[in-house]
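> Per UniProt numbering, the very first residue in the sequence shown carries number 1; after that it's consecutive.
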Amino acid sequence: MKIKHSSFYISFIIFINVFLAVVATQSCPPEDSITPCKCEKVCDDCRVSLKCNNLQDFGILPQIINRTSGHQYDTFEIKRSNVTNIPASLFETHKITNLKIWSTAMTSLFDRPPSTDLPDVYIFLYEAVLPSIQWEMLSGIQNLGRLSIRHSIIPSFDSSFSNNVPKNLEELVVYDCSTETLEDHVFSSFEKLLELRMDGMKIKVLKRSMFASPAKLQLISFSFNEIESLPSDIFSDMPDLENIYLRGNRLSQLDESIFRPLLPRLEAFKVSENPLMCGCNMRWITEIERSQWTNLYYVGDCEEPNELKGKPLKDLDADDFAHCS
Numbered sequence: 001m002k003i004k005h006s007s008f009y010i011s012f013i014i015f016i017n018v019f020l021a022v023v024a025t026q027s028c029p030p031e032d033s034i035t036p037c038k039c040e041k042v043c044d045d046c047r048v049s050l051k052c053n054n055l056q057d058f059g060i061l062p063q064i065i066n067r068t069s070g071h072q073y074d075t076f077e078i079k080r081s082n083v084t085n086i087p088a089s090l091f092e093t094h095k096i097t098n099l100k101i102w103s104t105a106m107t108s109l110f111d112r113p114p115s116t117d118l119p120d121v122y123i124f125l126y127e128a129v130l131p132s133i134q135w136e137m138l139s140g141i142q143n144l145g146r147l148s149i150r151h152s153i154i155p156s157f158d159s160s161f162s163n164n165v166p167k168n169l170e171e172l173v174v175y176d177c178s179t180e181t182l183e184d185h186v187f188s189s190f191e192k193l194l195e196l197r198m199d200g201m202k203i204k205v206l207k208r209s210m211f212a213s214p215a216k217l218q219l220i221s222f223s224f225n226e227i228e229s230l231p232s233d234i235f236s237d238m239p240d241l242e243n244i245y246l247r248g249n250r251l252s253q254l255d256e257s258i259f260r261p262l263l264p265r266l267e268a269f270k271v272s273e274n275p276l277m278c279g280c281n282m283r284w285i286t287e288i289e290r291s292q293w294t295n296l297y298y299v300g301d302c303e304e305p306n307e308l309k310g311k312p313l314k315d316l317d318a319d320d321f322a323h324c325s
């Protein structure tokens with residue numbers, strides 16, 4: 001009889017622990033414990049989000065985080081605020097996997113580098129005003145899968161980035177961050193990187209040594225930069241590459257040795273708003289299959305000579321190069 005009671009007691013304790021874990025994971029805290037922030041959970045099976053807007057008291061965010069230590073959130077989002085930093089305990093205690101910061105000024109991204117091995121972490125920064133991006137603050141987020149930074153100031157990507165950002169990164173998006181230079185080998189240790197977008201900046205030089213070899217990259221975008229030419233090996237040893245975006249640069253030539261092997265397998269190729277010279281050295285493009293090229297996924301026009309100005313690359317034909325020997 002004692003054994004039965006003992007077994008019942010153990011089972012009851014296990015049930016209570018599981019129940020509490022589920023409650024922590026799936027429920028919003030009391031409203032008065034998170035004011036002026038709000039908790040969202042739009043359905044029983046939906047994940048919990050904590051959203052804060054227009055916080056101007058530096059002390060309020062740490063207080064909210066401490067008061068709700070028994071609750072877990074999937075997403076933490078802050079907008080139009082002034083805070084000292086984001087508490088690292090959001091990752092460690094509250095188990096967030098999505099951090100979204102909009103139009104917020106901070107003295108530091110986190111109070112200390114968070115330590116978490118939760119899967120598929122996503123960090124999104126939009127107009128985050130920081131003295132500098134402290135890459136070491138990301139070093140303990142082991143499974144940082146996606147990182148997106150828009151409208152901030154990052155003059156260069158150097159060894160501080162490559163030495164600190166976790167190597168499980170699969171997607172990096174950087175837009176309008178005034179970046180001018182990429183250090184050699186800056187992305188070469190990111191062997192799991194699938195998508196790299198660095199658009200709307202001042203990058204002039206790309207080198208093959210900047211990327212992993214072999215690379216698993218499926219998409220590369222360096223649109224609206226200041227790139228005038230590409231090295232002949234820039235896309236070599238990238239067997240999974242399917243999308244190339246180079247719009248709005250200063251490219252005048254599309255080197256046959258670079259693009260002819262790639263174009264038949266690409267799903268998207270966008271080189272519009274470049275001063276492309278469709279001279280005799282572009283005749284090769286008429287010799288490849290282009291029936292699948294559509295205006296949505298294959299974009300690029302001739303700038304010169306005058307008789308071909310504005311003509312889409314997909315519409316070039318042998319007659320356009322009849323004068324070439």
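We put the CB at the ideal spot given by N, CA and C, even for glycine.
If I measure Cβ to Cβ from Q142 and keep anything under 6 Å in the same chain, skipping five residues before and after, which residues do I get?
Once the five neighbours on either side are set aside, the close Cβ partners of Q142 are D117, P166.
> Which whole runs of the beta strand (DSSP E) in the stretch 205-272 are 3 residues long or more, in chain order?
219-221, 243-245, 268-270
> Determine the direct distance from the alpha carbon of S189 to that of K38, and round the result to whole angstroms.
Computed Cα separation, rounded: 40 Å.
> State the start and end residues of the unbroken alpha helix (DSSP H) segment that holds N66.
First-last of the alpha helix (DSSP H) with N66: 60-67.
> Using a Cβ-Cβ cutoff of less than 8 Å, which residues in the same chain neighbour R250 once the five nearest sequence positions on both sides are dropped?
The answer, listed in chain order, is E226, I227, E228, N274, P275.
> For L308 and P113, I'd like the C-alpha separation in whole angstroms.
55 Å
> Using CA atoms only, rank isn't needed, just tell me which of F76, D158, T107 is closest to H94.
Ranking F76, D158, T107 by Cα distance to H94 puts F76 first.
> With DSSP run on the structure shown, which of helix, strand or coil describes S162?
helix
> Just to confirm, is the Cβ distance from R150 to Y175 under 8 Å?
Yes, the Cβ-Cβ distance between R150 and Y175 is below 8 Å.
> Between Y126 and chain C, is the shortest Cβ-Cβ distance under 8 Å, so that the two count as touching?
As a matter of chain content, chain C is missing from the structure shown, which is built from one protein chain.
> Put E195 into one of helix, strand or coil per three-state DSSP.
E195 falls in the strand class under three-state DSSP.
> Tell me, please, which residues DSSP counts as bridged to V299.
K270
> Quick one: is V42 buried, meaning 16 or more other Cβ sit within 10 Å of its Cβ, or exposed?
exposed
> Do the CB positions of I96 and D74 come within less than 8 Å of each other?
Less than 8 Å divides the Cβ of I96 from the Cβ of D74.
> Provide the residue span of the alpha helix (DSSP H) that contains N90, from first to last.
Just to set this straight, residue 90 is Leu in the shown sequence, not Asn. Note, L90: alpha helix (DSSP H), 89-92.
> Grab the span of the beta strand (DSSP E) containing G145 for me, first residue to last.
144-150
> Leaving aside the five residues before and after R208 along the sequence, list all residues of the same chain whose C-beta is less than 7 Å from its C-beta, in chain order.
P231, D233, I234, S236
> To the nearest whole angstrom, what separates the beta carbons of S162 and H185, a pair I think is in contact under 8 Å?
Confirmed, about 7 Å.
> Is T181 helix, strand or coil when you go by DSSP?
Three-state DSSP puts T181 in a strand.
> Please state whether DSSP places E127 in a helix, a strand or coil.
coil
> What does the alpha-carbon distance come out to for the pair E191 and N168?
8 Å
> With respect to the beta strand (DSSP E) encompassing L42, which residues constitute its N-terminal and C-terminal limits?
In the sequence under discussion, the amino acid at residue 42 is Val, which differs from the Leu named in the question. Run containing V42: none; DSSP gives neither H nor E here.
> Go ahead and pull the three-state DSSP assignment for M106.
coil
> If you count every other CB in all the chains shown that lies within 10 Å of the CB of D320, and 16 or more means buried, which is it?
buried
> For S49, report the span of its beta strand (DSSP E) as first-last.
49-53
> Determine the direct distance from the alpha carbon of P155 to that of M106, and round the result to whole angstroms.
18 Å
> Excluding the 5 residues preceding and the 5 following D199 in the sequence, name in chain order all residues of the same chain whose CB lies nearer than 8 Å to its CB.
Cβ neighbours of D199 beyond the five flanking positions: V174, Y175, D176, S221, F222, S223, F224, N225, Y245.
> So which of E136, I64, Y297 has the shortest CA-CA distance to E31?
Selected option, being the one with the closest Cα: I64.
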